[in-house]
Amino acid sequence: MSTEAAATVEAATVESPKEEVAPAVPETAPPAEIEAPKEAAAPAAEGEATEEKTEEEPATAEQDEKKEEEKQPEPPKDPKEDPVGWVNSLIAPAVHKVNHEVLSWAQQLAVEDEEKRQPLPGKNGFVTKNQFLSFLRDGSILAQLANKLQVGAVETVHEGEAAQVKENQSANIEGFVNFAKEKAGLADDQVFSAEDLLEKGKAAYPAVFGALVRLGMASQEKFEQKGLDVDAIAEMASQVVKTSIIQTILNFFRRASARATSRATAAKSEKAAAASEEKASDIEKKPLEEVAEEECKKVEAAPEAAAPVAVN
1 MSTEAAATVE AATVESPKEE VAPAVPETAP PAEIEAPKEA AAPAAEGEAT EEKTEEEPAT
61 AEQDEKKEEE KQPEPPKDPK EDPVGWVNSL IAPAVHKVNH EVLSWAQQLA VEDEEKRQPL
121 PGKNGFVTKN QFLSFLRDGS ILAQLANKLQ VGAVETVHEG EAAQVKENQS ANIEGFVNFA
181 KEKAGLADDQ VFSAEDLLEK GKAAYPAVFG ALVRLGMASQ EKFEQKGLDV DAIAEMASQV
241 VKTSIIQTIL NFFRRASARA TSRATAAKSE KAAAASEEKA SDIEKKPLEE VAEEECKKVE
301 AAPEAAAPVA VN
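Next up, the structure:
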């Protein structure tokens, strides 16, 4: 074979494309994907969520119950069961009326001679908390009250000028408190101390008020003395509350009426001022000749003055 023929054969061998072989078709189906674990997991997750919701529901119900309890108004206090809570629930005028009645009972029972009784503090039968405490601060009324309920309960009662000495005031108060606990049966948390009444100011009011009211309720049963008529006092307080509410409503309407009258007066004043300004504006708009002519007509229309009479 010649050299040219060999080259031709090699070129043909290089240039001829190779035949592509198609891939073999698989005879078996591909393995199916396993979805079962996912399906099993989904119900499990749903079950867990249901359990969580079930666990949360009781807590939500408890919270709703607490909210309902908070919204519900507290029942009114019973002055016989909880005199301090009851008086704290009253408006100020009612408290002042109750204070007057309690002091009146205590002094009338403690001091039989009317001429020796001190004038009660306050005005028109109303006593503030500070006045209530000041009246009892020297302890003389308290000690006399204890001796009235049980003779000799307080050995020495300091009165008058002697009651101005702080040590004597403490002795009077301590004698009353010991009597209230030992003879009247009041618990430690139902009484007060000399320090409370002498040093704590208005903060001592609940304890002092509560002790007196409880002692007043026990006076009839334990000591056969005139007790404190709590029912009558509660009725008085209720009437004061009603009167105060009515007075508040009347004052509201009075203020509203006064405001309406004031507005009406102001509106009239503004209207009159506007009319005056409008009139002045009209005059300013007139020509000077018309104004002068009108003034001349007014002068001519005026009656002539009488001629002067000559005196010889």
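Residue numbers for the sequence shown follow full-length UniProt numbering, so the first one is 1 and each next one is one higher.
Note that beta-carbon positions come from the ideal geometry of N, C-alpha and C, so glycine has one too.
No experiment lies behind these values; they were computed from the predicted model shown.
Should residue 160 go down as buried or exposed, given a rule of 16 or more other Cβ atoms within 10 Å for buried? The residue you call residue 160 lines up with position 160 of the sequence shown. Taking every protein chain shown into account, the CB of residue 160 has fewer than 16 other CB atoms within 10 angstroms, so this residue is exposed.
Rounded distance between the beta-carbons of residue 148 and residue 205, thought under 8 Å: What you label residue 205 is simply residue 205 of the sequence shown in a count that begins at 1. What you label residue 148 is simply residue 148 of the sequence shown in a count that begins at 1. 23 Å between Cβ atoms; not a contact.
Classify residue 192 as helix, strand or coil using the three-state DSSP reduction. For the purposes of this step, residue 192 is identified with residue 192 of the sequence shown, where counting begins at 1. Coil at residue 192, not helix or strand.
In chain order, what are the residue ranges of uninterrupted alpha helix (DSSP H) at least 4 long that sit wholly in the region 200-241? 205-223
Which residues DSSP lists as bridging residue 123, in chain order: Walking along the sequence shown from the start, residue 123 turns up at place 123. DSSP output for residue 123 lists 126 as bridge partner(s).
Just verifying my parser: in three-state terms, what is the DSSP assignment at residue 117? Reading the sequence shown from its first residue, position 117 is the one you call residue 117. Residue state, collapsed to three classes: coil.
Sufficient close CB pairs (3 or more, under 8 Å) joining the region 193-202 to the region 219-232: no
Could you check if residue 185 is buried or exposed, using at least 16 other CB atoms within 10 Å of its CB as the buried criterion? Position 185 of the sequence shown, counted from the first residue, corresponds to residue 185. Exposed is the call here.
Leaving out five residues before and five after residue 125 in sequence, what residues of the same chain have Cβ atoms less than 7 Å from its Cβ? Here residue 125 corresponds to residue number 125 of the sequence shown, with the count starting at 1. Cβ within range, chain order: 97, 100.
How about the region 169-177 and the region 229-245: do they share at least three Cβ pairs that are nearer than 8 Å? no
Here's the rule: buried if 16 or more other CB atoms are within 10 angstroms of the residue's CB, otherwise exposed. What is residue 79? The residue given as residue 79 occupies position 79 in the sequence shown. Residue 79 comes out buried.
Report the rounded CA-to-CA distance for residue 153 versus residue 216, giving the unit in angstroms. Taking the first residue of the sequence shown as position 1, residue 153 is located at position 153. Taking the first residue of the sequence shown as position 1, residue 216 is located at position 216. Residue 153 and residue 216: Cα-Cα distance of roughly 16 Å.
Residue closest to residue 121, alpha-carbon to alpha-carbon, out of 266, 110, 112, 102: Counted from its first residue, the sequence shown places residue 121 at position 121. When each option's Cα is compared against that of residue 121, the closest is 102.
Minimum C-alpha distance to residue 237 - residue among 87, 74, 138, 267: As a working mapping, residue 237 is identified with position 237 in the sequence shown. Ranking the options by Cα distance to residue 237, first place goes to 87.
Residue 142 lies in the alpha helix (DSSP H); which residues open and close that run? Here residue 142 refers to the residue found at position 142 when the sequence shown is read from its first residue. 140-149 is the extent of the alpha helix (DSSP H) around residue 142.
For the candidate residues 132, 115, 193, 209, whose alpha-carbon lies nearest to that of residue 123? In the sequence shown, counting from the first residue as 1, residue 123 sits at position 123. Of the candidates 132, 115, 193, 209, the one whose C-alpha sits nearest the C-alpha of residue 123 is 132.
Could you give the distance in angstroms between the alpha-carbon of residue 113 and the alpha-carbon of residue 136? One-based indexing of the sequence shown puts residue 113 at position 113. One-based indexing of the sequence shown puts residue 136 at position 136. So the alpha carbons of these two residues sit roughly 18 Å apart.
What does the Cβ neighbour count give for residue 269, buried or exposed, with the cut at 16 atoms within 10 Å? Indexing the sequence shown from 1 puts residue 269 at position 269. Classification for residue 269: exposed.
Proximity to residue 234 [Cα-Cα], best of 90, 266, 107, 164: One-based indexing of the sequence shown puts residue 234 at position 234. For residue 234, the closest alpha carbon among the candidates 90, 266, 107, 164 is that of 90.
Using 7 Å as the threshold, is the C-beta distance between residue 191 and residue 177 below it? Residue 191 sits at position 191 when you count from the first residue of the sequence shown. Residue 177 sits at position 177 when you count from the first residue of the sequence shown. The answer is yes: Cβ separation under 7 Å.
Nearest-angstrom Cβ-Cβ length linking residue 145 and residue 226, presumed shorter than 8 Å: If you number the sequence shown from 1, residue 145 lands on position 145. If you number the sequence shown from 1, residue 226 lands on position 226. Residue 145 to residue 226, Cβ: 11 Å. No contact.
Locate the alpha helix (DSSP H) running through residue 352, then write down its first and last residues. Examination of residue 352 is not possible in this model, given that the chain is present from 1 through 312 alone.
Residue 180 beta carbon less than 7 Å from that of residue 211: In the sequence shown, the residue the question calls residue 211 occupies position 211. In the sequence shown, the residue the question calls residue 180 occupies position 180. Contact: yes.
Span of the alpha helix (DSSP H), counted from its first residue to its last, around residue 170: Start at 1 with the first residue of the sequence shown, and residue 170 comes out as number 170. 166-182 is the extent of the alpha helix (DSSP H) around residue 170.
On the criterion of 16 or more Cβ atoms from any shown chain inside 10 Å, does residue 214 qualify as buried, or is it exposed? In the sequence shown, counting from the first residue as 1, residue 214 sits at position 214. Buried, by the Cβ-count rule.
Does any C-beta atom of chain B lie closer than 7 Å to the C-beta of residue 266? Among the chains of the structure shown, chain B does not appear; only one protein chain is present.
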